[in-house]
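To start, the structure under review is shown below, and the notes come after it.
In the numbering used here, the protein residues as written are 9 to 208.
Now the structure itself:
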């Protein structure tokens, strides 16, 4: 698995990518919208391990050679951004129309309305699902081990094969995963409280 700081930074980028995809989809641009629908459907339906293997093994046949770490990052980004895009799009669709109409009636600019009224409330609405998706991504990180990228599970297996004591490394890895997810849930609560203050 990535270094925690790198992982957090990359996940923030995937959240933003999902938001941008959702914004483009809400514009309903011909062709582009259809292409995004196909991408999201395929990315969500394809198992992560299959996507990793496709990028790492199939792209070289097309003359595109990816380092295993790059292939893993691209696969995780494609997968997670698609799920995040649908989370954001659902927040868009369920946002109260009355608030938008009220903002338009007082002549508020679209960017001002989006930045200070819509986005904070959408963030509160989407945060549990975004954190849930991040936890799935962390727990699904062993999928990248199929192309040789070292993650927590792969390290656990290596330690077990050297020490011939599989239980201790597995328990340690399990506790670490629990600690990571627990921290995420704690941060989720902090972020929700902060977002609510901003939305007032």
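Don't be surprised by glycine CBs; every beta carbon is placed ideally from N, CA and C.
**Asked** Closest by CA to residue 33, which one among 25, 44 and 24?
**Response** The residue you call residue 33 lines up with position 25 of the chain shown. Taking only the C-alpha atoms, the option nearest residue 33 is 44.
**Message:** For the alpha helix (DSSP H) containing residue 94, name the first residue and the last one.
**Reply:** As a working note, residue 94 is residue 86 in the chain shown. Counting along the chain, the alpha helix (DSSP H) containing residue 94 begins and ends at 76–101.
**Item:** Proximal residues to residue 188 (C-beta, below 7 Å), its chain only, five neighbours per side dropped
**Value:** Numbered from 1 along the chain shown, position 180 holds the residue referred to as residue 188. Closer than 7 Å at Cβ, skipping near neighbours: 146.
**Message:** Please identify the residue among 201, 26, 70 and 62 whose C-alpha is closest to the C-alpha of residue 129.
**Reply:** In the chain shown, counting from the first residue as 1, residue 129 sits at position 121. Residue 201 is the option with its Cα nearest to residue 129.
**Message:** Please list the terminal residues of the continuous alpha helix (DSSP H) segment that includes residue 43.
**Reply:** Here residue 43 corresponds to residue number 35 of the chain shown, with the count starting at 1. From DSSP, the alpha helix (DSSP H) with residue 43 extends over 40–53.
**Asked** Relative to the C-alpha of residue 3, which residue among 71, 61 and 70 is closest?
**Response** What is shown of the chain runs 9 to 208, which leaves residue 3 out entirely.
**Request:** Within its chain, find whatever has a CB closer than 7 Å to the CB of residue 176; leave out the 5 residues flanking it on each side and keep chain order.
**Result:** On the chain shown, position 168 is the one that residue 176 refers to. Around residue 176: no qualifying Cβ.
**Message:** Can you give me the C-alpha to C-alpha distance between residue 52 and residue 26, rounded to a whole angstrom?
**Reply:** Here residue 52 is taken as the residue at index 44 of the chain shown, counted from 1. Here residue 26 is taken as the residue at index 18 of the chain shown, counted from 1. Using only the alpha carbons, I get a separation of about 13 Å.
**Prompt:** Within this structure, are the beta carbons of residue 79 and residue 63 separated by less than 7 Å?
**Reply:** Within the chain shown, residue 79 is the residue found at index 71, counting from 1. Within the chain shown, residue 63 is the residue found at index 55, counting from 1. Yes. Within cutoff.
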